[in-house]
Ligand code: UDP
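Residue numbers (the numbering used here): 23 to 269.
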């Protein structure tokens with residue numbers, strides 16, 4: 023990795039973050055490592071880093087072009103992107119359009135139920151604690167964000183959902199749910215951080231009615247369905263086809 027100059031600032035499950043000459047910037051490397059169930063299940067999936075880096079860049083650009091603040095600056099290469107250096111807020115903000123996953127495991131809500139309005143939930147980002155879901159009162163008690171920042175996080179998440187849902191709909195994909203992370207940049211501005219990819223979004227293919235066959239995201243890995251990389255390739259293929267029409 024001789025093209026990466028700066029020192030390693032942080033290594034997570036799916037990414038490495040390197041320092042840049044400009045102290046307000048970092049270089050994020052997307053790894054091929056896949057983990058699920060709080061890293062109890064692990065694997066290396068050749069090509070995943072490249073796909074998630076490209077998909078995330080395209081989606082961050084889409085959000086930015088709609089006035090949504092993100093940490094994304096520019097693509098460096100196939101698996102690397104420049105981003106603003108931020109202080110990550112240890113929250114996972116999940117928004118759901120269709121019920122599945124933990125919502126259906128933990129409540130009597132049926133799989134596939136359309137959620138109107140979409141359900142927005144906060145989780146505390148801590149692997150050791152198993153990323154527990156937070157009640158409004160626990161969120162307030164933890165004091166990780168001010169009430170006005172909470173409102174901003176909710177607004178950004180809802181607006182992002184509206185934009186992304188409509189976009190994926192036009193690519194014949196249902197955006198089932200996704201998770202966002204937030205941070206504060208050097209100016210103290212709240213921005214979307216991390217990534218937006220099939221690792222943290224659920225996509226169902228509208229052209230396939232088979233409940234397993236339609237899954238085009240990390241659930242293929244979580245549920246041992248095979249075809250993980252093909253699913254991620256399909257998401258990028260549809261995005262790139264759309265971009266080639268737009269240009
Ligand atoms: N998610 C994530 N990281 C997590 C937990 C969830 O990116 O640590 C994403 C997941 O990919 C899905 C959404 O958040 O798009 C909702 O996940 P859910 O709560 O249903 O969790 P799961 O069923 O994966 O346990």
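Here a beta-carbon is modelled for each residue, glycine too, at the ideal position from N, C-alpha and C. All of these numbers come straight from a predicted model, not from anything done at the bench.
- Looking from the CA of residue 188, the closest CA among 107, 168, 236 and 88 belongs to 88.
- With a cut-off of 7 angstroms, the C-beta of residue 187 is classified as distant from the ligand UDP, since no heavy atom of the ligand falls inside that distance.
- Under the three-state reduction of DSSP, residue 191 is assigned to helix.
- If you draw a straight line from the Cα of residue 84 to the Cα of residue 60, it comes to about 30 angstroms.
- Note on geometry: alpha-carbon atoms of residue 144 and residue 121 lie some 16 angstroms from one another.
- For residue 104, the enclosing beta strand (DSSP E) covers residues 102-106.
- Between the ligand UDP and the CB of residue 133, the shortest heavy atom gap is not smaller than 7 angstroms.
- By the criterion of a C-beta distance shorter than 8 angstroms, residue 206 is surrounded in its chain by 108, 109, 111, 212 and 213, once the five residues flanking it on both sides are discounted.
- Residues of the same chain with a CB within less than 6 angstroms of the CB of residue 224, apart from the 5 flanking positions on each side, are 198, 199 and 239 in chain order.
- Within the same chain, and ignoring the five residues on either side of residue 132 in sequence, the residues whose Cβ sits closer than 8 angstroms to its Cβ are 121 and 126.
- At the C-beta level, residue 90 and residue 182 come within 8 angstroms of one another.
- In this structure, the beta-carbon distance from residue 244 to residue 253 does not fall below 8 angstroms.
- For residue 267, the enclosing alpha helix (DSSP H) starts and ends at 250-268.
- Collapsing the DSSP output to three states places residue 223 in a strand.
- Residue 81 is not bridged by DSSP to any residue.
- Going by DSSP, residue 124 is part of the alpha helix (DSSP H) stretching over 124-128.
- Apart from sequence neighbours up to five positions away, the residues of its chain that approach residue 202 with a beta-carbon distance below 6 angstroms are 115, 179 and 214, ordered along the chain.
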